[in-house]
Structures are given as structure tokens and as C-alpha cells.
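Undergrad: The listed protein sequences correspond, in order, to chains U, S, B and D. Under numbering that gives the first Met the number 0, the letters of the first sequence match residues 0 to 281, in that order. Under numbering that gives the first Met the number 0, the letters of the second sequence match residues 0 to 281, in that order. Under numbering that gives the first Met the number 0, the letters of the third sequence match residues 0 to 281, in that order. Under numbering that gives the first Met the number 0, the letters of the fourth sequence match residues 0 to 281, in that order. We put the beta carbon where it would ideally sit given N, CA and C, even for glycine. Here it is: the structure, laid out below.
Protein chains: 4
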Amino acid sequence: MPHQNIQRKILRTICPDAKGLIAKITNICYKHELNIVQNNEFVDHLTGRFFMRTELEGIFNDATLLADLDGALPQGSVRELHSAGRRRIVVLVTKEAHCLGDLLMKSAYGGLDVEIAAVIGNHATLQTLVERFDIPFCLVSHEGLTREQHDQKMIEQIDQYQPDYVVLAKYMRVLTPAFVQHYPNQVINIHHSFLPAFIGARPYHQAYERGVKIIGATAHYVNDSLDEGPIIMQDVIHVDHTYSAEDMMRAGRDVEKNVLSRALYRVLAQRVFVYGNRTVIL
Amino acid sequence: MPHQNIQRKILRTICPDAKGLIAKITNICYKHELNIVQNNEFVDHLTGRFFMRTELEGIFNDATLLADLDGALPQGSVRELHSAGRRRIVVLVTKEAHCLGDLLMKSAYGGLDVEIAAVIGNHATLQTLVERFDIPFCLVSHEGLTREQHDQKMIEQIDQYQPDYVVLAKYMRVLTPAFVQHYPNQVINIHHSFLPAFIGARPYHQAYERGVKIIGATAHYVNDSLDEGPIIMQDVIHVDHTYSAEDMMRAGRDVEKNVLSRALYRVLAQRVFVYGNRTVIL
Amino acid sequence: MPHQNIQRKILRTICPDAKGLIAKITNICYKHELNIVQNNEFVDHLTGRFFMRTELEGIFNDATLLADLDGALPQGSVRELHSAGRRRIVVLVTKEAHCLGDLLMKSAYGGLDVEIAAVIGNHATLQTLVERFDIPFCLVSHEGLTREQHDQKMIEQIDQYQPDYVVLAKYMRVLTPAFVQHYPNQVINIHHSFLPAFIGARPYHQAYERGVKIIGATAHYVNDSLDEGPIIMQDVIHVDHTYSAEDMMRAGRDVEKNVLSRALYRVLAQRVFVYGNRTVIL
Amino acid sequence: MPHQNIQRKILRTICPDAKGLIAKITNICYKHELNIVQNNEFVDHLTGRFFMRTELEGIFNDATLLADLDGALPQGSVRELHSAGRRRIVVLVTKEAHCLGDLLMKSAYGGLDVEIAAVIGNHATLQTLVERFDIPFCLVSHEGLTREQHDQKMIEQIDQYQPDYVVLAKYMRVLTPAFVQHYPNQVINIHHSFLPAFIGARPYHQAYERGVKIIGATAHYVNDSLDEGPIIMQDVIHVDHTYSAEDMMRAGRDVEKNVLSRALYRVLAQRVFVYGNRTVIL
């Protein structure tokens with residue numbers, strides 16, 4: 000019988016590994032009479048780092064809970080308390096529709112617990128599609144602008160919507176460091192290759208040239224280096240000699256949209272932890 | 000430099016296996032000065048049956064080409080000459096949007112060379128989605144009708160559009176033999192399980208109960224027996240103990256839509272041959 | 000700097016879910032000055048059951064540790080403390096070599112931390128292979144024996160070796176309930192199909208008949224019902240119309256041996272929990 | 000009713016594409032009263048190259064058959080006539096047992112129609128394993144030799160056995176151009192990564208560092224450039240943050256041996272055609 004003040008929240012802890020961490024954190028939750036719906040943790044023994052995701056249910060007093068945790072955790076700890084539930088994203092696009100279409104469908108008809116606040120394109124190609132789903136489309140053309148100027152205009156548009164994440168759904172421009180730093184660990188990209196193979200432009204043509212028998216896609220956080228951020232999810236499909244570069248591109252689109260959507264599902268559920276150039280998914 | 004009368008057509012041959020069949024057929028094409036763009040054949044040695052798909056380019060005289068083939072092929076042969084290019088389908092739905100959405104996206108933005116002439120639902124749930132893509136939606140409710148009456152009304156609606164294929168995109172009703180026989184080898188269904196496991200209703204719940212570690216989907220032609228027609232394509236994903244039946248259902252939706260779309264791609268390209276309860280895909 | 004009394008052990012807990020379980024168990028470990036190398040837990044909210052696998056390192060006082068746990072855990076709890084390290088198995092075979100060969104290779108050259116104490120066959124076909132690896136082979140022919148008599152002779156042979164697990168590596172006979180009950184949750188089988196499809200004999204021929212586009216294999220615990228025990232692991236490969244039943248069988252063998260070996264790897268690491276007809280793998 | 004002179008042979012044709020090629024080749028086979036058991040062809044329209052594999056059964060007059068073909072095919076054609084059946088290989092190894100073990104098992108117990116004439120190692124580590132299968136093991140140590148001298152000694156050993164192919168089953172040395180040119184399109188390697196990612200040494204450690212979520216293996220022909228020859232087959236498995244580099248290595252071994260064995264299966268069946276840096280598999 001859910002009481003009106005009963006909430007579900009997600010506690011995320013990253014800290015240096017130490018004896019008794021699980022006991023300390025779960026004791027505090029127990030003391031606060033919070034029920035642990037789901038708990039997952041991981042210790043990276045190579046770097047001595049502890050990760051824990053705790054899904055809690057009960058009546059929260061955020062301030063005292065966090066203060067109690069701060070008293071118990073070692074120095075250098077990061078702990079975040081997120082409410083569960085729907086997140087808000089802004090999607091950046093260029094001309095290709097498939098990843099955007101999948102996000103629009105899943106936002107509207109189920110599959111991703113997400114509100115698409117707006118779609119921003121540097122071309123107008125996808126405006127009609129977006130408006131079919133009653134979502135605002137903003138054209139921010141890069142014509143006549145430096146990369147820095149364009150990214151600054153994008154930031155201004157995006158920030159109006161205060162999104163939790165910025166999703167690059169085949170946005171085909173390289174972002175400036177200023178843009179990336181403005182959204183730390185908040186920008187998610189789908190790269191149309193199995194990274195780190197075929198970094199850079201026209202990966203399907205590179206794949207065709209190399210005669211590979213598998214093509215793939217990679218969803219990753221964007222950091223300063225192009226195509227080099229922490230990988231969240233990857234998947235592949237088998238191809239053969241009958242595939243032209245165009246056939247690879249067509250077949251690859253399904254992989255791209257699936258990988259992006261599955262990665263986003265885990266990000267939205269607060270399951271993905273970034274450290275260094277790696278992710279832990281709990 | 001394409002001449003205005005140059006066309007591309009697909010010749011499909013099924014006949015009893017015999018010595019020299021490839022030579023005979025390709026000789027006739029050669030004599031007609033048709034270029035073989037792509038040729039694939041298969042002999043089922045168990046049943047002594049020969050299958051060939053020949054993609055031809057040139058100036059066609061259909062009547063003499065087919066007459067020449069009839070003169071050369073053994074008795075009991077079937078040969079069909081199809082023009083290459085866009086096909087037309089009618090899609091049947093109930094309430095679930097994911098397969099339909101993928102077809103709408105691919106028809107409108109690339110990925111399937113298909114015109115969706117209309118979508119017919121036995122519920123009105125998906126009307127808005129269909130109309131967003133400027134495609135006619137027809138509600139043919141089953142309320143108060145026998146199965147036979149309802150299917151008869153569906154047939155009347157479908158036949159107005161003269162589709163090449165009828166695609167069941169999560170249409171959750173069993174079809175009558177009369178319906179199936181009205182569209183021989185033209186009705187394609189996506190079944191939400193890895194057939195022949197979990198035939199029947201609520202396959203994800205069955206899968207959960209059984210504790211499987213993999214779930215899948217099956218695209219198949221519909222014949223008289225429920226869930227028993229010739230399989231075109233199947234795919235799976237791995238699941239684990241953390242998946243509830245609902246999680247399986249959500250994850251399974253992506254597999255369903257991918258499998259349906261990949262199966263349809265091959266059907267539209269005239270690559271799928273049905274014989275008995277099996278398919279040959281050339 | 001490892002002290003000579005420092006050991007690694009695995010604590011496995013299954014109990015009714017309750018508030019504070021993780022805190023209670025990890026507190027006790029902390030009090031015993033045991034380091035948690037790795038901890039994984041899962042709550043099945045449907046049945047209200049809590050599962051936890053805790054890999055501990057330190058100086059163990061087993062008796063007081065277990066007594067402390069018994070004092071803290073709710074009624075109906077099961078907790079087991081296993082030493083980490085090499086396990087011992089007996090392998091049952093009939094005539095097919097591939098799964099056995101993979102186990103022999105991995106036991107001798109790495110990949111599975113397991114000692115194969117003996118191989119028992121109801122045919123002598125594989126005797127040479129086993130002896131090549133300097134492992135005892137026992138022939139226990141079923142000729143002239145009832146199923147009960149034969150299984151009784153098998154039990155006598157097996158029990159001499161006191162194995163942790165009995166692995167059926169393509170042992171092609173149905174076991175009696177008496178045999179299965181003699182080794183509760185200790186008998187692991189590889190079934191040459193994607194269960195629950197194609198239960199019973201000649202699954203590859205069944206798969207061929209049905210015209211499936213995917214074949215698979217299933218590793219599972221054996222319980223009373225044939226082919227019906229809790230599933231540990233499954234995998235599949237794609238096939239097409241060019242595969243005869245024999246081709247499926249040949250291709251399937253690699254899947255079978257991979258799935259058996261991967262399942263066994265997790266069982267040996269004490270990661271697999273059985274409850275009802277399901278497994279939780281932590 | 001097989002006549003004693005009835006044989007099965009495989010005709011492989013590579014030539015510039017032209018109208019009527021299939022007709023011409025199959026006509027000649029028909030004229031020779033050879034039955035086409037299986038025929039596969041492919042045209043690479045980008046380079047205008049035609050590939051055909053024709054499995055024939057009948058009474059062969061090789062000289063006149065080839066002469067007839069030479070009269071009909073365009074200039075620059077390559078046609079080869081191979082007897083069907085068991086091939087002979089020499090396997091090169093260093094210290095790792097898993098790929099070798101799989102080849103030994105499949106050669107002895109079914110799965111690959113191949114005779115392992117000898118195994119040559121630059122270390123003695125695997126001598127016992129090879130001798131368990133009654134196959135000669137030759138140690139050709141590289142100690143104190145230049146790369147050229149060592150490869151020359153290897154060639155001398157290998158050539159004694161006149162193998163059809165040389166299989167590198169985790170042979171961890173770079174081969175000299177002289178070695179590679181001595182066995183054109185006859186040297187097959189398994190590379191422990193998903194090429195072209197992680198070229199070079201310690202690919203699993205590179206993969207771990209990059210934080211990938213998938214690891215793979217690649218079977219390819221060896222040409223002059225290290226890790227750069229035509230790819231025959233690739234496969235992957237999913238990994239996650241819990242995998243250390245060593246875990247990736249262990250899990251990767253199963254992929255390596257499966258990919259090598261599946262690639263070799265197609266090579267032995269004369270299904271793999273090399274052109275430029277690509278393969279066509281018919």
C-alpha cells in the first residue's frame with residue numbers, strides 16, 4: 000500500500016576501495032528505514048576503486064542521508080542521489096533519420112522512459128519527421144559560422160531545455176572542447192563502426208575496403224578526443240562479400256539505432272558509471 | 000548509358016532437378032541478350048528440387064522469354080518473371096506500435112523499398128501514428144463479428160489496395176483458413192518467440208516461466224496452422240535472471256522489429272522461395 | 000604480502016527477502032575482518048527471495064562465522080561457505096568426442112579450473128581419447144541391464160571418485176530418478192537444442208524438418224523430468240537452407256561444447272544458484 | 000549407383016565479367032556429361048570480376064575439360080580443377096594449446112576433413128599434446144637464428160610434408176616475406192582480435208585499456224603485411240567491466256579456436272577465393 004511520501008531513488012557511490020564499504024552504506028540505508036530494491040556493486044582491483052548503485056524505496060530525508068554517507072565514506076568519494084523516473088533529453092541530428100526515428104517511437108510509444116524536449120539539426124532535413132511527433136525542431140545551421148560559433152549557438156538552444164543528457168543521433172559534426180566540457184558525461188554519441196576500428200569518416204567504406212566480415216556500432220560518451228570517449232555499448236552483425244559499402248551502411252543502420260537505444264536505456268536508469276576512459280554498468 | 004527500354008527483372012525458377020538446368024536457363028537469357036546481374040541457385044538433393052533466382056538486365060520480350068523457358072524446362076516447373084522495384088504492402092496491426100513504427104520509418108526514410116498502401120487495425124490505438132505518416136488507417140473492429148465475418152471484412156478492405164504482400168505487424172488475432180488461402184505465400188507474420196518454442200499466447204511469460212537465457216523472434220509465412228508456416232528469418236538476444244517477463248517483452252520488441260524488417264527486405268527482393276514448410280533464400 | 004593462513008572462500012546465501020540483509024551479512028564479514036573481494040546479490044521480487052554471493056579473503060573461523068550468520072538471517076535461510084579453487088568432476092559419455100575433448104583440453108591446458116577424476120562411458124568408443132590424457136576411463140555397459148541396474152552401477156563407479164559435479168558430455172541415456180536424486184543440483188547436461196524447442200531425440204533432424212534458421216544448445220541441471228531442469232546457459236548459431244541435418248549437427252557441436260564449458264565455468268566458480276526451475280547467476 | 004570411375008571435383012573460375020559466362024561454363028560441363036552437384040557464383044560489379052565454384056560429379060577427362068574452358072573463357076581467366084576430399088596441413092605453434100587442440104580433435108574425431116601431417120613449434124611446450132594424437136612434432140627453435148634463417152629452416156621442415164595449407168595456430172612470430180611468398184594464399188592465421196582493431200602485440204590488453212564491450216578474433220590469409228591479409232572469418236563475444244585483460248584472453252580463446260576452425264572448414268572445401276585484399280566465399 001504505497002504511502003504518498005514513499006519515493007524511489009537511486010544512490011550512486013564511487014570511492015576508493017576499503018574494507019566494510021558495503022556494510023557502511025547499507026547500514027546507513029537500513030538506519031534510514033529505506034528498503035534496498037536492488038543493489039549492485041563492483042570493485043576494480045586494478046585501480047582500487049569501488050562502485051555501487053543502490054535502488055532505494057522509502058521516505059527520504061536527502062540532507063541527513065547524504066550527510067550520514069559523507070561521514071562514513073573515505074575521502075575522495077562521490078555519492079549522488081537521483082530520483083527515479085523519466086529523464087529529459089535533447090537530440091542533435093544532421094540528415095539521417097533512423098536513430099532519431101527510433102528515439103521518437105520509443106519516447107512516444109514505450110521502450111525508453113524519456114522525454115525528448117527538442118531536436119536540433121544543423122540541416123532542416125528531419126524537421127517534418129520531428130514535427131510529426133509534436134516535438135519542437137530547431138534549425139541551427141553551421142553555414143558561415145566557425146565551429147566555435149556554431150557550438151555556442153547550439154549550447155544556447157540546448158540550455159533552454161535543461162536536458163539531463165544530449166544525444167547525438169547521427170549528428171555528423173565534430174564538437175568543440177568547449178561544447179563537450181559544458182556537458183560533462185552528459186553527451187552520448189552513436190558511432191557507426193565497431194570502435195576502435197575505422198575511426199573517423201566513412202567507416203563503412205573503410206570496412207568495405209578492408210574486407211571485414213563483421214560490422215558494428217558503438218555508443219559512447221563524448222570527451223575531447225573524437226571517437227574516443229568511454230564506450231557504453233557495442234554490437235555487430237555479420238556481413239559477407241555480397242555486401243557493397245552501401246549495403247553495409249543500410250544493414251548497419253539497424254545496429255546503430257539498437258545500440259544507441261540500449262545504451263541510452265542504461266544511462267537513463269542511472270546504471271552507467273564513467274571513470275577514466277571506461278564505463279562500469281551496474 | 001541506360002537506354003529507355005532497358006529494364007531490370009527477376010526470373011525465379013523452381014523445378015525438378017535435372018542435368019544441364021543452369022546451362023539451359025542461362026543460355027536462353029544469353030540468347031535474349033539479357034545480362035545476368037546476379038544469379039543464385041540451390042539444389043535440394045533430398046527432394047530433388049532446383050531453385051534459381053536470376054537478376055537480369057536488358058530489353059525484355061516477356062512472352063518469348065517465358066515460352067523459350069517453358070520449352071526447355073522439365074514438366075512441373077514454375078517460372079516467374081517479376082519486375083524489379085518498389086512493392087506495395089498492407090499492414091495489419093492491433094495495439095503495439097514498434098513493428099509498425101519501424102516499417103513506417105523505413106518506407107518513408109529508406110531501408111525498405113516498399114509502399115505502405117494502408118494500415119488496418121482491429122483497434123483504433125495506432126490510428127494517430129499511421130496518420131502522422133500520411134498513410135490511410137482503416138479500423139475494422141472484430142466486435143460482434145464471427146472470426147469468418149471479420150476476416151471477410153478485412154479481405155474486402157485489403158483487396159481495395161491490391162497489395163503484393165500482407166504484413167502482420169503484431170496483429171494479435173488468429174486468421175481463418177479462408178483468409179490465408181486468399182493470399183497464398185503473401186502473408187508474413189512476426190511471432191514473438193523463437194519458434195517452435197513457446198507457440199501460442201504470451202510467449203514471453205512462457206519463456207520467463209521456463210527460465211530461458213535467450214529469447215527470440217521469428218518471421219514466417221502464414222499458412223493454415225497457427226504459428227507453423229515456413230520460417231523466413233529468426234534472431235535472438237541473451238537475457239538473464241534479472242529480466243522479468245516485462246523486461247523480456249521490452250527487449251524482445253527490438254528483436255521482433257529487426258527480424259520482421261530483415262525478412263521483409265528479402266521477400267521484397269524476390270529472394271525467398273517457399274516449398275513445403277521450408278524457405279530457400281537466394 | 001599473503002599470510003600463510005589467508006584464504007579465499009565463497010559465501011553463498013539464499014533466504015527470504017527482508018530489510019537490511021546486505022547490511023547484516025556484510026557487517027558480520029566486516030566484524031570477522033574478512034575482505035570482500037567481490038559481492039553480488041539479486042532479489043527476486045516475484046517470489047521474495049534474496050540471493051547473495053560473497054567472495055571473501057582473510058583468516059576464517061568457519062564455525063563462528065556460520066553461527067553469526069545463522070543468528071542474523073531469517074528462518075528458512077541457506078548459507079554455504081565454499082573454499083575457492085579447483086573442483087573435481089566425473090564425466091559421463093557415450094560415443095561423441097567433441098564435448099569431452101574440450102573438457103580434457105581445458106582441464107589439462109587451462110580454461111577450466113577442474114580435475115577430471117574419471118570418465119565413464121556406456122560404450123568403449125572414447126577410451127583411447129581419455130587415456131591419451133592420462134585419465135582413468137571406466138566402461139559401464141548398459142547391455143543386459145535394466146535402467147535402474149545400470150544407473151546403480153554408474154553411481155558405484157562415480158562415488159569412488161567423490162566428485163563435486165557429474166558432467167554429462169553427450170551421455171545419450173535418460174537417467175533414473177534414483178540417479179538424479181543421488182546428486183542433487185550436481186548433474187549438468189548439455190542438450191543439443193535450444194530448449195524448450197525440440198525436446199527429445201534427434202533434435203537436429205527435428206530442426207531440419209521445421210526449417211529453422213537458428214540452432215542452439217542448452218546447458219542445464221538435470222532433474223527428474225527429461226530435458227527440463229534449470230537452464231544455466233544457452234547459445235545459438237544461424238543456419239540456412241543449405242544446411243542438411245548432418246550439417247546442423249556438425250555446426251552444432253561447436254555450440255554444444257562452448258555452452259557446456261561456459262556453463263561449467265560458472266558452476267565451478269560457485270556462481271550459479273538454483274531455485275525452482277530457474278537459475279540465478281551471480 | 001556409383002561407378003568406380005565416378006569422381007567428385009571442384010571447378011573454380013575467376014575471370015573478368017562478361018555476358019554469358021555461366022552459360023558457357025555450365026554448357027561445357029553439360030557437354031562433358033558432368034552433373035553439377037552445387038554451383039555458386041558472384042560478380043563483383045565494382046571491379047568487374049566473376050567468381051564461380053562448381054561442384055561436379057561424373058567421369059572426368061581433366062585435360063579436355065580444361066582445354067574446352069580455356070577456349071571459352073576470356074583472357075585473364077584463372078580456372079582450377081580440384082579433387083574433392085581430404086586435404087593435408089602442417090600446423091605451426093608456439094606455446095598456446097587451445098587452437099591446436101581443437102584441430103587435433105577435429106582431425107581425429109570429425110569436424111574437419113583434414114590430415115595434420117605434422118606440427119612444428121618454435122618451443123617444445125606442445126610436444127606432448129601433439130604426440131598424444133600420434134602426430135609428428137618438430138621443434139624448430141629460433142634461438143640464435145636470424146628471422147630469415149629460422150623461416151628457412153621452417154620451410155625445409157614444412158616442405159617435407161607437402162601440405163596443401165600451413166595453419167598458424169597461435170604461432171607468435173612474424174613471418175618473413177620469403178616465407179609468405181613461398182606459400183601463396185596457403186598460409187592461414189588466427190589473429191586474437193577483431194581486425195583491424197588492435198593490430199599488433201597484446202591485443203587483449205589493448206582491448207582492456209580501451210574499455211571495449213566486445214572482443215573478437217579474425218582468421219585471415221597471411222600476406223606481406225603483418226595482420227593485414229585477406230579476412231576469411233571473424234566472430235566476437237560480449238564482455239563487460241568485470242573482465243580483466245586475463246578474463247578477456249581466456250574467453251577469447253574459445254572465439255579464436257572456433258573462428259580458425261570455421262575458416263579452415265571453408266578453405267578446405269575450396270570455397271574461399273582471394274582477390275586483392277578481400278575474400279569471396281562461395
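Kindly indicate which residue of U:Tyr-207, U:Asp-69, U:Thr-124 and U:Asp-133 has the alpha-carbon position closest to the one of Ala-117 (chain U).
TA: Cα-wise, what sits closest to Ala-117 (chain U) is U:Asp-133.
Undergrad: For His-97 (chain S), return the contacting residues in chain E, with the cut-off set at a CB-CB distance below 9 Å.
TA: Protein chains in the displayed structure are U, S, B and D, and chain E is not among them.
Undergrad: Can you tell me the Cα-Cα spacing of Met-0 (chain S) and Gln-205 (chain D), whole angstroms?
TA: In this predicted model, Met-0 (chain S) has a pLDDT of only 49, less than 50, meaning its place in the structure is not dependable enough to derive any value.
Undergrad: Can you list, in chain order, the residues of its chain whose CB lies under 6 Å from that of Pro-176 (chain D), leaving out five sequence neighbours each side?
TA: Answer for Pro-176 (chain D): Asp-223, listed in chain order.
Undergrad: What does Thr-46 (chain D) reach in chain U if we use C-beta pairs closer than 7 Å?
TA: Under the 7 Å cutoff, chain U gives no residues; its nearest Cβ is about 12 Å from Thr-46 (chain D).
Undergrad: Determine, for Gly-251 (chain B), whether the minimum Cβ-Cβ distance to residues of chain U falls below 7 Å.
TA: Gly-251 (chain B) does not count as touching chain U.
Undergrad: Going by DSSP in three states, Met-0 (chain D) sits in which element: helix, strand or coil?
TA: Note that Met-0 (chain D) scores a pLDDT of 49, beneath 50, so its modelled location is shaky and nothing firm can be said.
Undergrad: Where do the N-terminal and C-terminal ends of the alpha helix (DSSP H) with Tyr-203 (chain S) fall, by residue?
TA: Run containing Tyr-203 (chain S): 202-209, per the alpha helix (DSSP H) assignment.
Undergrad: Quick one: which chain B residues come within Cβ less than 7 Å of Ala-22 (chain U)?
TA: Residues of chain B passing the Cβ test: Ala-22, Thr-25, Asn-26 and Tyr-29.
Undergrad: Compare the C-beta of Leu-267 (chain D) against all C-beta atoms of chain B and say whether one is closer than 7 Å.
TA: No, Leu-267 (chain D) lies away from the interface with chain B (no Cβ there is under 7 Å from its Cβ).
Undergrad: Kindly list, in the order they appear in chain D, the residues whose Cβ is closer than 9 Å to that of Ile-13 (chain U).
TA: Those do not exist, as Ile-13 (chain U) stays about 13 Å from chain D at its closest Cβ, beyond 9 Å.
Undergrad: Relative to the alpha-carbon of Gly-57 (chain D), which residue among D:Ala-216, D:Gln-269, D:Arg-270 and D:Tyr-29 has its alpha-carbon at the smallest distance?
TA: Checked all of D:Ala-216, D:Gln-269, D:Arg-270 and D:Tyr-29; the closest Cα to Gly-57 (chain D) is D:Tyr-29.
Undergrad: Which residue comes first and which comes last in the alpha helix (DSSP H) that contains Leu-102 (chain D)?
TA: It spans 97-108 - the alpha helix (DSSP H) in which Leu-102 (chain D) sits, taken as one unbroken run.
Undergrad: Counting only Cβ-Cβ distances shorter than 8 Å, please list the residues of the region 181-196 of chain U near chain S, keeping chain order.
TA: Listed by position along the chain: nothing, the set is empty.
Undergrad: Beta-carbon within less than 7 Å of Leu-259 (chain S)'s beta-carbon, same chain only, minus the 5 sequence neighbours each way: which residues are those?
TA: Counting only Cβ-Cβ distances below 7 Å, and skipping sequence neighbours, we find Cys-98, Ala-168, Ile-189 and Ala-218.
Undergrad: For the region 5-12 of chain U against the region 67-81 of chain U, are there 3 or more C-beta pairs whose distance is under 8 Å?
TA: Counting Cβ pairs under 8 Å, three or more are found: they touch.
Undergrad: Between the alpha carbons of Ile-154 (chain B) and Tyr-203 (chain S), how many angstroms are there, rounded?
TA: So the alpha carbons of these two residues sit roughly 39 Å apart.
Undergrad: With a 10 Å radius around its C-beta and 16 neighbouring C-beta atoms as the bar for buried, classify Arg-252 (chain B) as buried or exposed.
TA: Burial call: buried.
Undergrad: Could you list which residues in chain U have their beta carbon closer than 8 Å to that of Arg-131 (chain S), in chain order?
TA: Going along chain U in sequence order, the residues near Arg-131 (chain S) (Cβ under 8 Å) are Arg-131 and Phe-132.
Undergrad: Name, going along the chain, the residues of the region 65-91 of chain S whose beta-carbon falls closer than 9 Å to a beta-carbon of chain U.
TA: Against chain U - using a Cβ distance shorter than 9 Å - the region 65-91 of chain S contributes no residues.
Undergrad: Please look up how many angstroms separate the CB atoms of Val-165 (chain U) and Ile-88 (chain U), rounded, as I've assumed it's under 8 Å.
TA: With 8 Å as the limit, Val-165 (chain U) and Ile-88 (chain U) qualify as a contact, their Cβ atoms being about 7 Å apart.
Undergrad: Give the interface partners of Pro-176 (chain D) over in chain U, defined as CB-CB distance under 9 Å, in chain order.
TA: Within chain U, no residue comes near Pro-176 (chain D); the closest Cβ sits about 21 Å away, beyond 9 Å.
Undergrad: Is it the case that the CB of Tyr-164 (chain B) approaches a heavy atom of the ligand ATP more closely than 6 Å?
TA: Here there are no bound small molecules, and the ligand ATP is not part of this structure.
Undergrad: Report yes if the C-beta distance between Lys-121 (chain S) and Thr-145 (chain S) is below 7 Å; otherwise report no.
TA: Per the sequence shown, the amino acid found at residue 121 (chain S) is Asn instead of Lys. No; because the gap between Cβ atoms is not below 7 Å, this pair is not in contact.
Undergrad: Given a limit of 8 Å on CB to CB distance, which residues of the region 113-125 of chain B reach chain D?
TA: Per Cβ criterion, the list is empty.
Undergrad: Measure the alpha-carbon distance for Pro-229 (chain B) versus Ala-200 (chain B) and round it to whole angstroms.
TA: Their backbone Cα atoms lie some 19 Å apart in a straight line.
Undergrad: To be precise: take each residue of the region 232-257 of chain D, compare its Cβ to all Cβ atoms of chain B, and keep it if any distance is under 8 Å. Which residues remain?
TA: Listed by position along the chain: Arg-249, Arg-252, Asp-253 and Asn-257.
Undergrad: Thinking C-beta only, is Val-271 (chain B) closer than 7 Å to Val-221 (chain B)?
TA: Against a cut-off of 7 Å, the Cβ pair of Val-271 (chain B) and Val-221 (chain B) comes out as no contact.
Undergrad: Could you name the residues of chain D that Asn-276 (chain U) contacts, counting a contact when the two beta carbons are closer than 9 Å?
TA: Glu-208, Arg-209 and Gly-210, listed in chain order.
Undergrad: Measuring straight from C-alpha to C-alpha, what distance separates Phe-59 (chain U) and Tyr-264 (chain S)?
TA: The alpha-carbon atoms of Phe-59 (chain U) and Tyr-264 (chain S) are separated by roughly 52 Å.
Undergrad: Which residue marks the beginning of the beta strand (DSSP E) containing Arg-52 (chain B), and which one marks its end?
TA: Arg-52 (chain B) -> beta strand (DSSP E) spans 48-57.
Undergrad: Please list, in chain order, all residues of the same chain as Thr-278 (chain D) whose beta carbon is under 8 Å from its beta carbon, the five residues on each side excluded.
TA: Answer for Thr-278 (chain D): Tyr-220, Pro-229, Ile-230, Ile-231, Val-271 and Phe-272, listed in chain order.
Undergrad: When the distance is taken between beta carbons, is Leu-91 (chain S) closer than 7 Å to Tyr-170 (chain S)?
TA: Yes, the Cβ-Cβ distance between Tyr-170 (chain S) and Leu-91 (chain S) is below 7 Å.
Undergrad: Based on DSSP bridge pairs, tell me the residues matched to Met-248 (chain S).
TA: Bridge partners of Met-248 (chain S): none, in fact.
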